[in-house]
Every structure is written in C-alpha cells, then in structure tokens.
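Counting from 7, one number per residue, gives the positions in the sequence shown under my numbering.
Glycine is no exception: its CB is placed at the ideal position from the N, C-alpha and C atoms.
Since the model is a prediction, treat every value here as computed from it, not as a measurement.
Comments concern the structure below.
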Amino acid sequence: MLASDEDILRKAQEWKEAGRGVALATVVETWGSAPRPVGSHLVIDGEGNFLGSVSGGCVEGDVIAEALDVIGDGGRRMLEFGVADETAWRVGLSCGGRIKVYVESVDANRADLLAAFNGERAARRPCVLVTDIASGEQRLVRATDLAADPMADILGERLRLGKSGMAAWGGKAFFLAAQTPATRLVAIGAVHIAQALAPIASLVGFDMVVVDPRTAFATPERFPDARLIAEWPEAALPLLQLDRYTAMALLTHDPRIDDQGLIRALRADCFYIGALGSSKTHAKRLDRMRAEGFGERELGRIHAPIGLDIGAVSPAEIAVAILGEIVAALRRKSLRAETEKAA
Numbered sequence: 007m008l009a010s011d012e013d014i015l016r017k018a019q020e021w022k023e024a025g026r027g028v029a030l031a032t033v034v035e036t037w038g039s040a041p042r043p044v045g046s047h048l049v050i051d052g053e054g055n056f057l058g059s060v061s062g063g064c065v066e067g068d069v070i071a072e073a074l075d076v077i078g079d080g081g082r083r084m085l086e087f088g089v090a091d092e093t094a095w096r097v098g099l100s101c102g103g104r105i106k107v108y109v110e111s112v113d114a115n116r117a118d119l120l121a122a123f124n125g126e127r128a129a130r131r132p133c134v135l136v137t138d139i140a141s142g143e144q145r146l147v148r149a150t151d152l153a154a155d156p157m158a159d160i161l162g163e164r165l166r167l168g169k170s171g172m173a174a175w176g177g178k179a180f181f182l183a184a185q186t187p188a189t190r191l192v193a194i195g196a197v198h199i200a201q202a203l204a205p206i207a208s209l210v211g212f213d214m215v216v217v218d219p220r221t222a223f224a225t226p227e228r229f230p231d232a233r234l235i236a237e238w239p240e241a242a243l244p245l246l247q248l249d250r251y252t253a254m255a256l257l258t259h260d261p262r263i264d265d266q267g268l269i270r271a272l273r274a275d276c277f278y279i280g281a282l283g284s285s286k287t288h289a290k291r292l293d294r295m296r297a298e299g300f301g302e303r304e305l306g307r308i309h310a311p312i313g314l315d316i317g318a319v320s321p322a323e324i325a326v327a328i329l330g331e332i333v334a335a336l337r338r339k340s341l342r343a344e345t346e347k348a349a
C-alpha cells in the first residue's frame, strides 16, 4: 500500500529526531497527466533511505540524488520534470505530463514546524504550512489564527477546499500545504449494515469508528476494518471530538442509542447525518429532537431514510447507498437526478 502523507511526514519527523540528515520533496505544481497530485511527498535520509512518491517511479531516482545534495548543503531547490509519453505508459497513464518538485533540507527550524504540523494533524485541527519558495522561510498558520494572518483569504480558501497548492501574494510565490482532518465516519450501531460499510469506507479513505454498547455486536471479529468502541454514545462521542469533517450514520433503530449520537452530531455540525427508519419512525425522531431544543433548520440536515434512493435491499446494498450519499455531501455536489428534477 502506498504510504500516506501522514506516514511520510511522521517518518520525516522521526528520522530527524533520530539525528539523521533529512530532506523532504513535495510536488508543488503539475500539468497534464502527472502521476502524483500536488502535495505528494517523498522523504529521504542521508543514507538514501526514502518513503513516499512524487511521480509513481518516473523520476524518484533523480529526486533522491538531488535530495542527498540538499542534505549536504542544507539548502533547497526547485526541480522540474517532464514525464514522457513512453514513461507515462509504464506507470499506467495514457499520456505524459510535467511536475515541479520542491526539495528542502529539514533543519532544526523546519523540524519544529514539521512536528507542530504533525501534532495539528493528529489532533484533527486544520492548519496551513506556508513556504516562501524564494527564501525558504516557513510559518504554520492554524485555523484558529487565520483571521489575523495577512493571507487570510487565500489560506481560508485552501482550507475550505482541503487542497495544497501554489499561491502568489505580495509579489512572492508561496506553497501552501493545507492540512484538514481525514474524513471520519462514525456509525452508531455495530449492525450488519455497519459491517458492510466498514470495508468500503476504508477503500475511499475514511476513518471509520463504530460505537455500540452491546458487546455481543461490538466485537473485533465482526469489525476488523474499523475502530470499535463498545460504550454508550454519550460516553464514547466526547472522546472522539466530533467536528465538521465527521459523518454520522445512525443504524440501530433504537432511540436509546441513536438519539444520543444524533444530539451530539447536530451540536457538532457534522457535515453528514443519516438515520435508518421509515417516515413514521423519523417523524417521531424529529419530535424528540424538537424537545431537545433543535429547530427546523437543524433537523432538516438529517438524511432519513438514510442513503441514496437506489432501491437497496441487502445490508451491502444499503451500505453502498449510504456511502454514496456521504460522498455527495462531502463534495457538495448535487446529484444529477436532483438537478434534472429541479430543472
């Protein structure tokens, strides 16, 4: 499995803390069918050990050679490569492209910023690492400090999109490494639908957590692809720190369990909230939520019955419908059928 950015940046920090010389290579711009997206990393130590990829194997050898020089002189450099059509075919592309790779030595100051960046990532706090390409100067801007930053509008847009990239400001070129929390799916109920949902959620890169106080259901054997918490939601969810990067699926049909999760999901502004149940069941659910003080606008955010209307019957089909609806909510994209109906 390809190492994630989180793995690569953590490894860079570990190698530096172990006293190794370290360089970090980052894809900062791409054109055409570039093999790896902007923000992809390759970390290299002074012995030539490396983790990650900037091109899927096309130019790694050249980048590693340049990185070793950077480690030796403590500097930085911008590299540009063209991925020829013949090479592109070998790595599974239909045509070539070009990439720019920024290689920098991880010195003491950058090591501190890298550790802080990794810490924000682990705590699920959005932030942007801003690098002045010409001078190499860097600073970490946390989402809580965004309003006071002179580049607030640009940084805020990067965090909203969750995408790293180049930006021009004040006559200078900057690379903005945007860090937003990994999308997380919390399923309330260790039921058959949740079992089917866990592996496909993992495939699309979601961190899945299953919460259910019923220990007969909440077993590691039934959920090898998810984090499992065999507690009541009122005890489990405060530890998870629900946020707007979290989706919640309420799957038990039991108000004693589901309602606890629903209340906390609404208060945390989770980007998606879905609940199993018929229209009659949902009407009663809404009445209970009104009694908790929620207004109609908040209640209108609940997707019920949960999942896309694709005629799903089996637990696996329902899981596919749920994940499809979550992805649509995450990408904020209207479904074609809904768009056509509105027209």
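{"query": "Would the region 53-73 and the region 211-227 be scored as touching if the rule is three or more Cβ pairs under 8 Å?", "result": "no"}
{"query": "Are the beta-carbon atoms belonging to arginine 145 and valine 136 less than 7 Å from one another?", "result": "yes"}
{"query": "State buried or exposed for glutamine 19, treating a residue as buried only when at least 16 other CB atoms are found within 10 Å of its CB.", "result": "buried"}
{"query": "Alanine 184: buried (16+ other C-beta within 10 angstroms of its C-beta) or exposed?", "result": "buried"}
{"query": "Where does leucine 99 fall in DSSP's three states?", "result": "With a pLDDT of 46 at leucine 99, under the threshold of 50, the predicted position of this residue should be treated as unreliable, though the coordinate-derived value follows. If DSSP states are grouped into helix, strand and coil, leucine 99 belongs with coil."}
{"query": "Looking only at its chain, what residues have a beta carbon closer than 7 Å to the beta carbon of leucine 246, apart from the 5 residues adjacent to it on each side?", "result": "Val192, Val215"}
{"query": "Hey, how far is the Cα of valine 44 from the Cα of glycine 171?", "result": "6 Å"}
{"query": "Are there 16 or more other CB atoms within 10 angstroms of the CB of lysine 286, so buried, or fewer, so exposed?", "result": "exposed"}
{"query": "Using 8 Å for Cβ pairs, my map puts tyrosine 251 next to arginine 190. What's the rounded Cβ distance?", "result": "6 Å"}
{"query": "Would you say isoleucine 14 and glycine 58 are within 7 Å of each other, going by their C-beta atoms?", "result": "yes"}
{"query": "Within the same chain, show all residues whose beta-carbon is closer than 6 Å to that of valine 333, passing over the 5 residues directly before and after it, in chain order.", "result": "none"}
{"query": "Give the secondary structure of serine 285 by DSSP, where H, G and I count as helix, E and B as strand, and everything else as coil.", "result": "helix"}
{"query": "Which whole-angstrom value describes the C-beta separation of glycine 38 and arginine 127, a residue pair presumed to lie in contact below a C-beta threshold of 8 Å?", "result": "Not quite, the Cβ-Cβ distance comes to about 30 Å (not below 8 Å), so this is no contact."}
{"query": "Looking only at its chain, what residues have a beta carbon closer than 8 Å to the beta carbon of leucine 203, apart from the 5 residues adjacent to it on each side?", "result": "Leu191, Ala193, Met214, Ala255, Ala325, Ile328, Leu329"}
{"query": "Assign isoleucine 2 to one of three DSSP states: helix, strand, or coil.", "result": "No information on residue 2 is available, as it lies outside the stretch 7 to 349 that the chain covers here."}
{"query": "Taking the continuous alpha helix (DSSP H) assigned at arginine 16, which residues delimit it?", "result": "11-23"}
{"query": "With a CB to CB cut of under 7 Å and the five nearest residues on each side skipped, what residues in its chain are close to lysine 347?", "result": "The predicted model places lysine 347 with a pLDDT of 45, which falls under 50 and marks its position as unreliable, so this point remains unresolved."}
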